[in-house]
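For what it's worth, full-length UniProt numbering labels the leading residue of the sequence shown as 1, then goes sequentially.
These notes are about the structure you will find just below.
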Amino acid sequence: MVQEAEKYKSEDEEHKKKVEAKNALENYVYNMRNTIKDEKISTKLPPVDKKKIEDAIDQAIHWLDANQLAEADEFEDKVKELESICNPIIAKMYQGAGGGDMGGAMDEDGPSSGQRC
């Protein structure tokens, strides 16, 4: 039994990494979607920027639906791609708002944490 467990350990670790990467992308997409739907933030975003984020989110959701079996690095690349669109827009919005409090719309689990927008 021990030998069998060792045999499948690397497969289990690879699967875990894949699931975590997929979950990270899904969380990011849905947190960002909720963020831009928040009235306090939505009203501060120029319509062009809001549309750009919405389109990127829609594309990411469609990609996720079509690529449920993608590899971990593909999910990670998709997160980076989405961040490259969202980060500058959200940063510009905060700078335009004077960096003030957004009413807690972006909490520690939301797009503002870590690598997120």
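C-beta atoms are modelled at their ideal positions from N, C-alpha and C, and glycine is treated no differently.
The model shown is predicted, which means the values in this text are computed figures rather than measured ones.
Inset, instruction - For Met93, collect the residues of the same chain with a Cβ closer than 8 Å to its Cβ; drop the 5 residues on either side in sequence, then sort them by chain order. - result: The beta carbon of Met93 sits closer than 8 Å to those of Ile41, Lys44, Leu45 and Asp49, all from its chain and outside the five residues before and after it, given in chain order.
Legend entry - Span separating the alpha-carbon of Gln115 from that of Gln3: With a pLDDT of only 45 at Gln115, under the threshold of 50, the placement of this residue in the model should not be trusted; the figure read from the coordinates follows. Straight-line measurement puts the Cα of Gln3 at about 39 Å from the Cα of Gln115.
Legend entry - Span of the alpha helix (DSSP H), counted from its first residue to its last, around Leu45: Here Leu45 belongs to no alpha helix (DSSP H), and DSSP marks it neither H nor E.
Legend entry - Continuous alpha helix (DSSP H) stretch holding Leu25: start and end: Here the alpha helix (DSSP H) through Leu25 covers Val2 to Lys37.
Legend entry - CA-to-CA distance, Ile90 to Ala5, given in whole angstroms: Pairing Ala5 with Ile90, the inter-Cα distance amounts to about 46 Å.
Legend entry - Proximity to Asp38 [Cα-Cα], best of Glu54, Glu13 and Phe75: Per the Cα distances, Glu54.
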